[in-house]
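Below you'll find the structure, written out as structure tokens, and then a few comments.
In the numbering used here, the protein residues as written are 620 to 759.
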């Protein structure tokens with residue numbers, strides 16, 4: 620079976636591009652999904668996992684995270700997922716912010732996704748990977 624991560628890895632390797640990731644909401648799952656691939660060293664430069672901060676979460680923070688890891692790991696492309704999820708007895712408050720920084724432009728997405736925390740983070744992760752896979756490659 621071909622995963623989104625494997626498809627992204629093949630596409631990056633074919634283009635000679637490298638990837639770094641940053642995440643808060645997904646707590647390391649994004650980095651693990653790439654680092655565990657067979658030939659990860661060929662395209663994956665590394666990842667940064669930071670704690671969730673509901674006060675800072677947003678599009679700007681996602682952009683800042685993407686720019687920081689692209690520079691830190693000297694990668695061609697960075698994917699960042701920022702967000703929050705909290706619940707009390709009456710309601711769930713959540714938000715997700717995705718940024719893709721290719722050194723030329725930064726693409727932001729703020730998908731609205733319902734669900735409990737495990738489902739919410741899985742949906743956001745899948746959305747972010749699909750978005751990266753469908754992004755046209757940067758031509759040097």
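Every residue, glycine too, gets a C-beta built ideally from N, C-alpha and C. All figures in this text were calculated on a predicted structure; none of them were measured in a lab.
### Query
What's the call for residue 680, buried or exposed, on a 16-neighbour Cβ count within 10 Å?
buried
### Query
Who pairs with residue 698 in a beta bridge, going by DSSP?
640 and 719
### Query
What three-state label does DSSP hand residue 754 in the structure shown?
coil
### Message
Does residue 640 pass the burial test, meaning 16 or more other C-beta atoms within 10 Å, or should it be called exposed?
### Response
buried
### Query
Residues bridged to residue 667 by DSSP?
641
### Query
When the Cα atoms are used, what is the spatial distance from residue 673 to residue 705?
9 Å
### Query
Which residues in the same chain have their Cβ closer than 7 Å to the Cβ of residue 627, if we skip the five residues on either side of it in sequence?
748, 751 and 752
### Query
How should residue 714 be labelled, buried or exposed, when 16 other C-beta atoms within 10 angstroms of its C-beta is the threshold for buried?
buried
### Task
Identify which residue in 668, 655 and 702 has its Cα closest to the Cα of residue 687.
668
### Message
To the nearest angstrom, how far is the alpha carbon of residue 729 from that of residue 648?
### Response
19 Å
### Message
For residue 745, count the other beta carbons within 10 Å of its own beta carbon; 16 or more makes it buried, fewer makes it exposed. Which is it?
### Response
exposed
### Query
CB residue 644 to CB residue 671, shorter than 9 Å?
yes
### Message
By the three-class DSSP mapping on this structure, what secondary structure does residue 712 have?
### Response
strand
### Task
For residue 650, I'd like the list of residues in its chain whose CB is within less than 6 Å of its CB, leaving aside the five on either flank, ordered along the chain.
640 and 666
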